[in-house]
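Residues in the sequence shown are numbered from 5 upward in steps of one, following our numbering. No residue lacks a Cβ here, since even glycine has one placed at the ideal position from N, Cα and C. Here the structure is a predicted model, which means the values were calculated and not measured.
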Amino acid sequence: QWYQRRVVITAGRMDFSKFSAPDFDIKDWVNTSLETEQNTNALIMKLQLIMQEVNASLETTTTSLINDIPRVVSEVNALYNESQLLKNQMSIIKSDINKVVKDTSDSMSTVVKLDKVKDKMHCTIQKLKQADNWSLLNDEIDELFEDQVSASNVSVYLLSS
């Protein structure tokens, strides 16, 4: 920033376009610039002013950096502590997830076993109902035979049930 200001300020007094010319000769430029004592004194004064500005800028920047270092170190430490806390929390969450997976696995195994038992019980209920129906039918046929109903009437009764 300081060098941009300096170039703008001194640009009115000196032609800097010569520096970018392909045929620029530093010796000729120095000899031409230092031909008179007045030019030499002006250049020395300009160099001293530029040096003072550079020193002031460096001092300001250095002071600013020195003042900012404790804040930056503090922020870095805070970020480190937060990252460690986050790491610990992620570890806890991971162990919780593993525990849930294990518990769920055990629970699912139990649920599968219970489902198989339920299916077997349902099948048993169906078979018991069927056996009960056969038992009732057998009782009704026994009653018909006790009442001495003919076999043809029993067969008609069975077909109608």
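For residue j and residue i, the rounded distance between their alpha carbons
i: K22; j: S61; result: 28 Å
i: L141; j: T114; result: 40 Å
i: D32; j: T65; result: 36 Å
i: N45; j: E39; result: 11 Å
i: P26; j: L53; result: 29 Å
i: T128; j: K91; result: 55 Å
i: D72; j: Y84; result: 18 Å
i: D136; j: K117; result: 28 Å
i: A82; j: I70; result: 19 Å
i: V160; j: D110; result: 57 Å
i: N59; j: M49; result: 15 Å
i: K98; j: V76; result: 32 Å
i: K122; j: M112; result: 15 Å
i: V1; j: I96; result: The chain is shown from 5 up to 165; residue 1 falls before or after that span and cannot be answered.
i: K124; j: Q130; result: 10 Å
i: S164; j: L132; result: 23 Å
CB-CB length for residue i against residue j, believed under 8 Å
i: L51; j: S37; result: Actually they do not touch by this definition, with Cβ atoms about 11 Å apart.
Enclosing alpha helix (DSSP H) for residue i [first to last residue]
i: S37; result: 30–37
Contacts around residue i, its chain only, beta-carbon distance under 8 Å, and the 5 residues preceding and following it disregarded
i: M94; result: none
i: N43; result: S37
i: P74; result: none
Same chain only: Cβ atoms within 7 Å of residue i, ignoring 5 sequence neighbours per side
i: T67; result: none
Min CB distance residue i to chain E below 9 Å
i: K120; result: Note that chain E does not occur in the displayed structure, where there is just one protein chain.
Close Cβ partners of residue i (< 6 Å) along its chain, the five nearest in sequence each way excluded
i: N157; result: none
i: F149; result: none
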